[in-house]
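Working notes, beginning with the structure itself.
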Amino acid sequence: MAEEKNTDVKDLSGEKTILSVKNLVKRFPIKNGVFGRSNASVHAVEDVSFELRRKETLAIVGESGCGKSTTGKCVLRLTEPTSGTVELDGEDFTSLKGEDLKRARQKMKLIFQDPYSSLNPRMTVMDIIGEPIDIAGTYKTKAERDARIEEVMEEVGLNLEFKYRYPHEFSGGQRQRIGIARAIVLEPEIVVCDEPVSALDVSVQAKVINLLEELQKDHGLAYIFISHDLSVVRHIADTVMVMYLGHQMEFATKDALFEHPLHPYTQALLDVIPRIRHERIQEKRILQGDVPSPANPPSGCVFHTRCPKAMKVCSERIPNRIEAEPGHFCACHLYNTSLTDGDRTPQVAHAIEAAQKAVEEARLEEKISE
Amino acid sequence: MALFTSDKNSEKVQKTEAVLEDAAKAQEAEQAATGKVRAQSYWQVSWNIFKKNKLGMICLGIVLALAIIAILAPVIAPYSYKDQNLAIMNQNPTFAHLLGTDEYGRDILSRIIYGCQISLSVGIISQAIALFIGFVAGVAAGYYGRWVDAVVSFIIQVFSSFPFLLFAILIMFVMGPGLINLYIALGLLMWTTTARLIRGDVMRLKNSEYIQSCILSGGNSFRIIMKHLLPNCISTLIVVSTLGIPSAILSEATLSFLGLGVQPPDASWGQMIAASQPFLASQPIYSIAPGIVIIITVMSFNLLGDALRDALDPKMRS
């Protein structure tokens with residue numbers, strides 16, 4: 000599925016930007032003691048910026064706990080971002096309230112990861128799918144409402160016979176279709192897909208992904224596709240954003256990112272995609288150690304503790320977003336041309352040097368004492 | 000011989016097939032008529048599980064019978080509950096009075112039948128009051144959290160730290176005895192259990208994804224509470240009330256026994272036991288009969304509650 004390239008490359012150059020996220024930050028305070036004073040915070044999302052055009056699929060990838068889902072939820076304001084702005088159709092979405100927020104939210108919908116917990120077990124399929132229209136009051140008569148629901152059910156490939164059934168009578172794939180129907184029933188512009196297929200069987204995954212692609216073609220939807228499955232991303236995405244510990248590591252078109260990854264983290268990530276080919280394990284760059292705690296992120300570049308190419312500067316300064324190639328952004332000191340040679344000392348060499356110095360000093364001291 | 004039986008078998012098979020086909024056709028016709036495909040809803044599944052519990056079914060039967068007796072009391076009871084006949088005071092069972100008569104010559108059986116009205120109404124109405132207060136408080140605490148939760152939880156703690164009976168006596172003493180005050184007093188006493196359980200349920204449900212989806216669609220708190228939280232709390236409410244009703248009935252009996260509940264000439268089981276005390280040796284049936292009725296009622300409700308909990312608990316389903 001993933002190995003073959005999309006034959007019909009989408010032309011997105013003429014499409015207008017509908018979502019623009021700037022410097023999004025989300026920190027969750029850690030509460031201590033009886034009075035709930037917060038002394039520290041979990042840095043879930045740190046300074047994330049991206050833009051999304053019509054019909055575009057932006058994939059956010061990263062390990063679990065890297066802040067991809069939180070980014071999606073902050074964009075929708077399901078959790079309020081600590082700072083940063085989200086512009087929807089040129090309107091500042093982050094400052095909207097009340098009715099304005101309700102109206103703007105109709106343009107953005109969410110598809111959830113777990114098709115088992117995302118549907119109310121006590122509602123029929125029709126009521127679940129119809130809930131957004133019921134709230135928005137789009138249709139005056141019940142007949143119109145029901146007709147619209149049936150139309151959407153057919154569109155996502157649900158048998159109309161099942162419209163009065165309850166969620167527990169469906170399989171995972173069918174449930175996810177119900178979730179998709181609920182998301183598109185109001186014809187939104189943007190759909191945030193939070194790992195929509197990771198809870199499904201591989202055979203069902205492909206069907207759901209194809210359905211998402213069809214819907215995009217028919218309705219001009221833009222997707223924010225949150226996933227940790229790189230082969231799925233490779234299939235569906237137009238642009239890809241790589242996140243690590245809340246930070247944006249790399250942002251590029253899919254082809255640029257998969258063919259020519261710049262960031263050491265992305266390189267390591269791509270290396271571990273399972274492939275049925277002749278590559279040898281030794282050639283893979285496998286990261287050592289664990290992801291550091293987001294409550295206490297490392298200084299400088301957050302990835303320097305595990306980076307095979309870490310330099311002296313990496314632990315000292317946070318790298319800026321550098322446009323290393325046109326349209327290919329990367330937050331890594333390797334592509335910073337203004338660094339001095341001292342900054343570029345590899346961290347390993349640096350450590351060895353420091354150790355040697357310490358040994359020599361110890362020897363000198365011994366000689367003196369003699 | 001073998002040939003014969005196999006023929007017979009195939010005939011049987013054909014018959015059953017024909018029956019099945021007919022059933023399928025009938026179902027299709029029904030579906031076409033109603034326009035709905037019949038699905039096994041949550042409640043149907045629960046009912047199927049409940050039906051297999053024999054004890055539960057017996058208790059359900061007893062509870063329904065008690066309800067019918069209460070509703071049809073004026074028809075069923077052989078005598079009035081309050082007409083005194085001092086000529087036949089303290090009689091042991093006779094054919095005219097199956098359970099004998101009390102100290103004013105009133106028919107004990109009739110008084111027990113009328114007492115059923117009081118006991119069930121106390122159980123149901125006070126529990127309804129408790130459910131309402133408990134649901135509102137529990138949803139407020141669980142859904143809004145923060146200071147609302149702190150305040151409600153504190154009130155729950157205060158209410159449930161009083162000794163039950165003392166508190167009931169206090170309320171009845173302040174408000175004065177009487178049936179309506181009894182409803183209110185017991186309702187005020189029993190809402191804490193409901194509130195605690197609903198609070199837990201709501202806290203668990205509030206972060207569920209379908210509620211997030213509802214918020215994303217612009218749904219307000221009222222919609223979330225009525226469409227999402229209430230239907231998912233129903234099974235808790237049912238179980239709480241089937242376990243709460245018997246405790247209300249017992250409390251009513253206790254309070255009436257102490258003279259703070261139902262006032263004469265109205266008949267109440269607890270009050271009858273209290274009145275029967277001087278005649279315990281000479282007329283044991285006077286106190287035993289209402290006692291047994293209380294035991295049967297309370298036990299049926301309790302066992303019904305257990306059976307319902309088993310049927311409604313999703314963890315019990317495989």
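Quick note, the sequences are listed as chains A and B, same order.
Oh and the first sequence: position 111 is 110 in numbering that gives the first Met the number 0, straight run, nothing missing.
Oh and the second sequence: position 43 is 42 in numbering that gives the first Met the number 0, straight run, nothing missing.
Quick reminder that beta carbons are idealized off the backbone N, C-alpha and C, glycines included.
Annotation for Ile321 of chain A: the continuous beta strand (DSSP E) segment containing it runs 321 to 324. Contact residues of the segment 102 to 130 of chain A toward chain B are Arg102, Arg104, Gln105, Met107, Lys108, Leu109, Phe111, Gln112, Asp113, Ser116, Ser117, Leu118, Asn119, Pro120, Arg121, Met122, Thr123, Asp126, Ile127, Glu130 (C-beta to C-beta distance below 9 Å). The Cβ of Arg222 of chain B sits closer than 8 Å to at least one Cβ of chain A. Rounded to whole angstroms, the Cβ separation of Gly171 of chain A and Pro114 of chain A is 5 Å, and the two are in contact under 8 Å. According to the DSSP assignment, Tyr80 of chain B belongs to no beta strand (DSSP E), since it is labelled neither H nor E. Along the segment 55 to 82 of chain A, the positions whose C-beta sits under 7 Å from a C-beta of chain B are Leu75, Leu77, read in chain order. Tyr115 of chain A carries a coil assignment under DSSP once its states are collapsed to helix, strand and coil. Where Phe328 of chain A is concerned, the enclosing beta strand (DSSP E) starts and stops at 327 to 329. DSSP, reduced to helix, strand and coil, places Phe49 of chain A within a strand of the structure shown.
With contacts defined by Cβ atoms closer than 8 Å, Ile59 of chain A and Ile235 of chain A do not form a contacting pair. Secondary structure of Phe224 of chain A (DSSP, three-state): strand. Identification of residues in the segment 116 to 127 of chain B having a C-beta nearer than 8 Å to some C-beta of chain A yields an empty set. Chain B has no Cβ within less than 8 Å of the Cβ of Arg26 of chain A.
Phe250 of chain A is bridged by DSSP to A:Met240, A:Phe328. Annotated as proximal: Arg53 of chain A and Ile17 of chain A, with beta-carbon spacing under 8 Å. Residue pairing by DSSP puts Thr56 of chain A in a beta bridge opposite A:Tyr222. With a threshold of 8 Å between beta carbons, Ser281 of chain B makes no contact with chain A. Look at Gln156 of chain B: its C-beta is not under 8 Å from any C-beta on chain A.
For the alpha helix (DSSP H) assignment, the uninterrupted runs of no fewer than 4 residues enclosed by the segment 39 to 71 of chain B are, from N- to C-terminal side, 41 to 50, 53 to 70. Of the residues A:Thr265, A:Gln247, A:His246, the one whose Cα lies closest to the Cα of Ala255 of chain A is A:Thr265. In this structure, the straight-line span from the alpha carbon of Asn301 of chain B to that of Ile293 of chain B is close to 12 Å. If you draw a straight line from the Cα of Phe161 of chain B to the Cα of Ile155 of chain B, it is about 10 Å long. Where Met107 of chain A is concerned, the enclosing beta strand (DSSP E) starts and stops at 107 to 110. Within the segment 145 to 173 of chain B, no residue places its CB atom closer than 9 Å to a CB of chain A. When Cβ pairs closer than 8 Å are counted between the two stretches, the segment 262 to 278 of chain B is seen not to touch the segment 134 to 148 of chain B, the count staying below three. Among the bridge pairs identified by DSSP, Arg26 of chain A is matched with A:His42.
In the three-state scheme derived from DSSP, where H, G and I count as helix and E and B as strand, Leu229 of chain A is classed as helix. Across the structure, Pro73 of chain B and Ile134 of chain A are spaced so that their CA atoms are roughly 50 Å apart. Annotation: the segment 288 to 322 of chain A contains no complete segment of the alpha helix (DSSP H) (minimum length 4 residues).
Just measuring C-alpha positions, the residue of A:Arg144, A:Asp46, A:Gly245, A:Asn22 sitting nearest Lys67 of chain A is A:Gly245.
Here the alpha carbons of His227 of chain B and Ile233 of chain B stand approximately 11 Å from one another. Of the residues assessed, Phe172 of chain B falls on the exposed side of the cut-off, its CB having fewer than 16 other CB atoms within 10 angstroms. Using beta-carbon distances, Ser45 of chain B does not count as an interface residue toward chain A, since no partner is under 8 Å. Collapsing the DSSP output to three states places Asp101 of chain B in coil. Residue contact check for Leu215 of chain B against chain A: a CB pair falls below 8 Å.
Taken atom to atom, the span from the alpha-carbon of Val184 of chain A to that of Asp228 of chain A is near 27 Å.
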